[in-house]
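Okay, structure first, notes after.
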Amino acid sequence: MRALVARIWVFDWMLLLILSLLALVGLVSMYSAGGGFDGRFADQARNFGIALVAMWIAAQFSPHALMRVTVPAYLLGVLLLVAVEVAGETSKGATRWLNLGITRIQPSEMMKIAVPMMMAWYFHRHEGQVRFRDFVVAAVLLLLPFALIAKQPDLGTGLLVFGAGFFVLYFAGLSFKLLVPITLAGVIGIGALVASEEFLCQPDIDWVVLHEYQKHRVCTLLDPNTDPLGKGFHTIQSTIAVGSGGTLGKGYMQGTQTHLEFIPERTTDFIFAVYAEEFGLIGNLVLLFLYVLLIGRGLTIAAGAPTFYTRLLAGALSMVFFVYAFVNMGMVTGILPVVGVPLPFMSYGGTALLTLGCAAGILMGIQRHRPLVQKN
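All residue numbers for the sequence shown refer to UniProt numbering, where the first residue is 1 and numbers rise by one.
Laid out in structure tokens, this is it:
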């Protein structure tokens, strides 16, 4: 009987509690935000149920089993991304989906987990003798899927995949001597962009490395009022909603920006604006605290993991939650361009919840199988 219970109850209770609180906050916000969308709240509740099942399945995998499926999963993901380039379906100007006949999939989503798994596997194979060339090889493993995803184009997913891979590089021992010049170059580049905004944002200036719509997103971030009823509308309305919430918020279901339908995409990418308007600064601090607990629990699991592979993977997956939250809140509050990154366990969408559920399940599996690994 005890063995059966142990087989069924695979969850880390602390991580499950944090996720349950986030899910509760997300459903409460969705009920308010989804007032004008038939079935949106019920669909999101179903999505949480699917994510819970995915989490349970992922938690069943031992670290040894994860390592066995790592390389096939990564290679399959890259092949599917190539297939998208060759025969993908285009929607709203982006070619991101692959029709398999019985269903349509977005291969880039699986790379959010497959990439850090592959990089952690590679560094684990070279544990104790990691050299500079190993970081070069790992960077290639990261940049290949990132380039394929960015070409679709899907900058939001590309950033999440890149972030997951970067944290593996960092936790594997990437030298600060390399990070400092990269950071310095980034700061100088952003400063030059801000200083040259008036020239660079002219319609006849081609940015070469970015698509035209991506250029518009950056220019809109620098000055949303250049097109307040067009490209700047999202940023202006979301920042108004966040600011008008004040300290205590306007009250649940009382958000005027939300219910007068000024906030675009209010159930998906901009649900944080809905939440901030209704619950104010205090509510925002509570939400941030929950995300800190989520990331902290993941890093605690990573710190206690017995192998190099599990430490790198758990650490990277934990920080993916940070990237999701930081990028989403940044774009909603107007400090980052709008890139279509959902807020973890808040934004509507089954695919994102499925990915996040799998990531949380892998963390639980690493924690659950830790004694078994230590005995081997």
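All C-beta atoms, glycine included, are put in the ideal place defined by N, C-alpha and C.
Rounded straight-line distance, which links the Cα of residue j to that of residue i
{"i": "I240", "j": "V82", "result": "41 angstroms"}
{"i": "F167", "j": "V140", "result": "15 angstroms"}
{"i": "L336", "j": "G156", "result": "12 angstroms"}
{"i": "V323", "j": "L160", "result": "7 angstroms"}
{"i": "L288", "j": "P342", "result": "15 angstroms"}
{"i": "A150", "j": "T256", "result": "36 angstroms"}
{"i": "Q374", "j": "P63", "result": "Caution is warranted here: a pLDDT of 45 is assigned to Q374, below 50, making its placement in the model unreliable, and no coordinate value can be reported."}
{"i": "N376", "j": "G128", "result": "Interpretation of N376 is limited by its pLDDT of 39, a score under 50 that renders its predicted location unreliable; no figure is taken from the coordinates."}
{"i": "L21", "j": "L80", "result": "35 angstroms"}
{"i": "G232", "j": "F132", "result": "44 angstroms"}
{"i": "G163", "j": "V320", "result": "7 angstroms"}
{"i": "G283", "j": "M346", "result": "14 angstroms"}
{"i": "C201", "j": "S244", "result": "30 angstroms"}
{"i": "V242", "j": "I295", "result": "24 angstroms"}
{"i": "L174", "j": "Q254", "result": "48 angstroms"}
Residue span of the alpha helix (DSSP H) that contains residue i, given as start and end
{"i": "E278", "result": "271-304"}
{"i": "residue 378", "result": "Residue 378 lies beyond the range of the chain shown here (1 to 376); nothing can be said about it."}
{"i": "Q60", "result": "Q60 -> no alpha helix (DSSP H), and no H or E assigned at all."}
{"i": "L336", "result": "Premise fails: L336 is in no alpha helix (DSSP H) and is neither H nor E."}
{"i": "T267", "result": "Unbroken run through T267: none, as it is neither H nor E."}
{"i": "G357", "result": "350-368"}
{"i": "V31", "result": "This sequence places Tyr at residue 31; Val is not what is there. Start and end: 13-33."}
{"i": "Q257", "result": "256-259"}
Secondary structure of residue i, DSSP reduced to three states
{"i": "V84", "result": "helix"}
{"i": "T90", "result": "strand"}
{"i": "V373", "result": "For V373, the pLDDT reaches just 44, beneath the cut-off of 50, and the residue's location in the model is therefore unreliable, although a value from the coordinates is still provided. Looking at V373 - three-state DSSP - the assignment turns out to be helix."}
{"i": "T95", "result": "strand"}
{"i": "Q202", "result": "coil"}
{"i": "S196", "result": "coil"}
{"i": "G189", "result": "helix"}
{"i": "P72", "result": "helix"}
{"i": "F321", "result": "helix"}
{"i": "V53", "result": "helix"}
{"i": "F345", "result": "coil"}
{"i": "K250", "result": "coil"}
{"i": "D223", "result": "coil"}
{"i": "F48", "result": "helix"}
{"i": "G39", "result": "coil"}
{"i": "T310", "result": "helix"}
{"i": "F326", "result": "helix"}
Exercise for review: Could I get the ranges of all uninterrupted alpha helix (DSSP H) runs contained in the region 97-181, with 4 residues as the minimum, in chain order?
Suggested key: 107-125, 132-150, 155-171
Practice item. State whether the region 58-78 contacts the region 121-133, with contact taken as three or more CB pairs (one from each stretch) at a distance under 8 angstroms. Key: Note that the region 58-78 touches the region 121-133; at least 3 beta-carbon pairs, one per stretch, sit closer than 8 angstroms.
Check your understanding: Just checking, does the region 48-58 make contact with the region 319-336 on the three C-beta pairs under 8 angstroms criterion?
Key -> No, the region 48-58 does not touch the region 319-336.
**Study point:** Contact between the region 54-63 and the region 359-368 (3+ Cβ pairs under 8 angstroms)
**Key:** Taking 8 angstroms as the limit for Cβ pairs, the verdict is that the region 359-368 does touch the region 54-63.
Check your understanding: Is the region 260-273 in contact with the region 295-309, if contact means three or more CB pairs nearer than 8 angstroms?
Key -> no
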